[in-house]
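Visitor: Residue numbers (full-length UniProt numbering): 1 to 319.
By construction, the Cβ of each residue, glycine as well, lies at the ideal position given by its N, Cα and C atoms.
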């Protein structure tokens with residue numbers, strides 16, 4: 001038994017040494033989009049209190065406007081941030097995808113890149129770029145769909161949404177492949193800690209923990225569908241000649257149950273979300289506390305939801 005476990009660990013370790021391509025590409029896109037957003041923001045044209053003014057157009061907004069060292073809300077909106085008004089009223093549905101590459105600030109970008117490299121590379125090496133990319137974009141889409149419904153008149157940069165999707169997928173990998181998963185407690189602890197760090201970022205202006213939550217849920221469900229692995233010993237079992245090989249199931253029963261349940265919930269979730277957006281539903285009118293997930297008021301900033309006028313959005317911050 002000990003030798004079998006050792007062989008299993010070796011096989012898993014060898015499988016995790018695959019080439020990672022998707023994560024470096026996404027990381028490069030994120031950094032590039034942040035630089036472009038800062039260039040579009042052009043702080044010196046609007047303020048004389050820019051941070052690191054020697055950077056010129058790429059200098060940061062004053063801390064009283066963006067405590068995460070980044071652009072203004074209006075610049076994020078121009079670059080494709082989530083906005084209930086822009087999507088539900090002006091039908092700019094492309095924002096559901098474009099927001100996934102936008103960061104509120106340099107601190108937000110740094111935390112996301114570190115987490116993406118830590119979690120994404122592991123999953124990509126284990127399951128491949130195709131599955132990781134599918135989870136990344138589909139969970140990001142699901143999170144942005146439901147997050148948009150509760151934004152009120154705020155905006156949200158959504159680069160953390162697919163990251164939460166990967167964290168959800170990491171948890172589903174642990175659950176559905178429990179019998180062949182090493183370091184279960186350590187992996188679960190990593191998921192919890194990374195979620196806590198990113199949820200903390202989510203309480204700042206122009207972020208949205210409601211989107212993060214739904215990104216995590218969609219990532220969890222997608223993981224049950226795409227990351228299912230054969231049960232322990234399936235490929236090496238010695239089947240007697242008088243036994244039907246089909247009797248030996250490649251997957252455990254609970255894996256099939258999770259797969260079917262996840263597929264149903266995903267289909268229902270996407271359909272319901274699309275219908276709600278198409279009808280211009282404002283979820284915040286049915287949930288008086290949901291806005292606290294988008295931005296928590298504090299002595300250092302305010303989260304006043306203001307009416308959007310002429311395509312502008314704002315989240316006022318005070319020092």
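Answer with buried or exposed for residue 135, where buried requires no fewer than 16 other C-beta atoms within 10 angstroms of its C-beta.
Guide: One-based indexing of the chain shown puts residue 135 at position 135. The residue in question, residue 135, is buried, as its Cβ has 16 or more Cβ neighbours within 10 Å.
Visitor: Does the stretch 40 to 52 come within contact of the stretch 82 to 100, defined as at least 3 CB pairs closer than 8 Å?
Guide: no
Visitor: How is residue 82 classed by DSSP in three states: helix, strand or coil?
Guide: Stepping through the chain shown from its first residue, residue 82 is reached at position 82. The answer is strand: DSSP assigns residue 82 an E or B state.
Visitor: Could you tell me the alpha carbon to alpha carbon distance between residue 263 and residue 42, rounded to whole angstroms?
Guide: Against the chain shown, residue 263 aligns to sequence position 263. Against the chain shown, residue 42 aligns to sequence position 42. So the alpha carbons of these two residues sit roughly 45 Å apart.
Visitor: Is the beta carbon of residue 163 closer than 8 Å to that of residue 112?
Guide: Start at 1 with the first residue of the chain shown, and residue 112 comes out as number 112. Start at 1 with the first residue of the chain shown, and residue 163 comes out as number 163. Yes. Within cutoff.
Visitor: Buried or exposed: where does residue 95 fall if 16 or more other Cβ atoms within 10 Å of its Cβ makes it buried?
Guide: Here residue 95 refers to the residue found at position 95 of the chain shown. Classification for residue 95: buried.
Visitor: By how many angstroms is the C-alpha of residue 155 removed from the C-alpha of residue 64?
Guide: Working through the chain shown from its first residue, we reach residue 64 at position 64. Working through the chain shown from its first residue, we reach residue 155 at position 155. One C-alpha to the other measures close to 17 Å.
Visitor: Quick one: complete alpha helix (DSSP H) runs, 4+ long, within the UniProt domain "Peptidase S54 rhomboid" (91 to 227)?
Guide: The DSSP assignment places 95 to 98, 106 to 115, 121 to 127, 129 to 148, 160 to 176, 184 to 201 and 209 to 226 as complete runs of the alpha helix (DSSP H) inside the UniProt domain "Peptidase S54 rhomboid" (91 to 227), in order along the chain (cut-off: 4 residues).
Visitor: So, for residue 177: in the same chain, excluding its five sequence neighbours on each side, which residues have a beta-carbon less than 6 Å away from its beta-carbon?
Guide: Locating residue 177 in the chain shown gives position 177, where the first residue counts as 1. Taken in chain order, the residues that qualify are 229.
Visitor: Just curious, the alpha helix (DSSP H) that residue 20 is in, first and last residue?
Guide: The residue labelled residue 20 in the question sits at position 20 within the chain shown. Residue 20 -> no alpha helix (DSSP H), and no H or E assigned at all.
Visitor: In angstroms with no decimal places, state the Cα-to-Cα distance between residue 281 and residue 61.
Guide: On the chain shown, residue 281 is found 281 positions in, with the first residue counted as 1. On the chain shown, residue 61 is found 61 positions in, with the first residue counted as 1. So the alpha carbons of these two residues sit roughly 33 Å apart.
Visitor: From 97, 82, 36 and 100, pick the residue whose C-alpha is nearest to that of residue 70; which is it?
Guide: Indexing the chain shown from 1 puts residue 70 at position 70. When only C-alpha atoms are compared, the closest one is 36.
Visitor: Going by DSSP, name the residue or residues bridged to residue 60.
Guide: Taking the chain shown and counting its residues from 1, the one referred to as residue 60 is at position 60. Per DSSP, 51.
Visitor: Which of the three DSSP states, helix, strand or coil, is assigned to residue 69?
Guide: Taking the chain shown and counting its residues from 1, one reaches residue 69 at position 69. If DSSP states are grouped into helix, strand and coil, residue 69 belongs with coil.
Visitor: For residue 255, report the span of its alpha helix (DSSP H) as first-last.
Guide: On the chain shown, position 255 is the one that residue 255 refers to. Its alpha helix (DSSP H) spans residues 253 to 278.
Visitor: Report the three-state DSSP secondary structure of residue 236 (helix, strand or coil).
Guide: Locating residue 236 in the chain shown gives position 236, where the first residue counts as 1. For residue 236, the predicted model reports a pLDDT of 48, less than 50, meaning its position is unreliable; a value from the coordinates is still stated below. Residue 236 falls in the helix class under three-state DSSP.
Visitor: Between the alpha carbons of residue 269 and residue 119, how many angstroms are there, rounded?
Guide: As a working note, residue 269 is residue 269 in the chain shown. As a working note, residue 119 is residue 119 in the chain shown. Their Cα atoms are separated by approximately 25 Å.
Visitor: Considering only their Cβ atoms, is the gap separating residue 210 from residue 147 smaller than 8 Å?
Guide: One-based indexing of the chain shown puts residue 147 at position 147. One-based indexing of the chain shown puts residue 210 at position 210. Yes.
Visitor: Pop quiz: residue 40 and residue 75 are said to be a contact at Cβ under 8 Å. What is the actual Cβ separation, rounded to whole angstroms?
Guide: Taking the first residue of the chain shown as position 1, residue 40 is located at position 40. Taking the first residue of the chain shown as position 1, residue 75 is located at position 75. Right, the Cβ-Cβ distance comes to about 5 Å (below 8 Å), so this counts as a contact.
Visitor: Any idea if residue 19 is buried or exposed, counting beta-carbon neighbours within 10 angstroms, 16 or more meaning buried?
Guide: Position 19 of the chain shown, counted from the start, is the residue given in the question as residue 19. The residue in question, residue 19, is exposed, as its Cβ has fewer than 16 Cβ neighbours within 10 Å.
Visitor: From residue 221 to residue 266, what distance separates their C-alpha atoms?
Guide: For the purposes of this step, residue 221 is taken as the residue at position 221 of the chain shown. For the purposes of this step, residue 266 is taken as the residue at position 266 of the chain shown. So the alpha carbons of these two residues sit roughly 7 Å apart.
Visitor: Shortest alpha-carbon distance to residue 256 belongs to which of 279, 271, 231 and 186?
Guide: Working through the chain shown from its first residue, we reach residue 256 at position 256. Checking every option, the nearest Cα to that of residue 256 belongs to 231.
Visitor: What is the DSSP secondary structure of residue 46, counted as helix, strand or coil?
Guide: Residue numbering aside, residue 46 sits at position 46 when the chain shown is read from its first letter. It is coil, neither helix nor strand.
Visitor: Just to confirm before moving on: does the CB-CB distance between residue 158 and residue 130 stay below 8 Å?
Guide: Along the chain shown, read from residue 1 onward, the residue named residue 158 stands at position 158. Along the chain shown, read from residue 1 onward, the residue named residue 130 stands at position 130. No, these two residues do not count as a Cβ contact at 8 Å.
Visitor: What number of angstroms, rounded off, separates the C-alpha of residue 278 from the C-alpha of residue 138?
Guide: The sequence position of residue 278 within the chain shown is 278, counting from 1. The sequence position of residue 138 within the chain shown is 138, counting from 1. Straight-line Cα distance between these residues: approximately 19 Å.
Visitor: Looking at the structure shown, is residue 281 part of a helix, part of a strand, or coil, going by DSSP?
Guide: As a position in the chain shown, residue 281 is number 281, starting the count at 1. Here residue 281 sits in coil by DSSP.
Visitor: So, is residue 26 buried or exposed, given that buried needs 16 or more other C-beta atoms within 10 angstroms?
Guide: As a working note, residue 26 is residue 26 in the chain shown. So residue 26 counts as buried.
Visitor: Indicate whether residue 227 and residue 186 have their beta-carbon atoms separated by less than 8 Å.
Guide: The residue given as residue 227 occupies position 227 in the chain shown. The residue given as residue 186 occupies position 186 in the chain shown. Not a contact, by the Cβ cut-off of 8 Å.
Visitor: Does the separation of the CB atoms of residue 66 and residue 104 fall below 8 Å?
Guide: One-based indexing of the chain shown puts residue 66 at position 66. One-based indexing of the chain shown puts residue 104 at position 104. Closer than 8 Å, so yes.
Visitor: What does a CB cutoff of less than 7 Å around residue 251 pick up in its chain, not counting 5 residues either side in sequence?
Guide: Counting from one through the chain shown, the residue named residue 251 turns up at place 251. Around residue 251: 228, 230 and 231.
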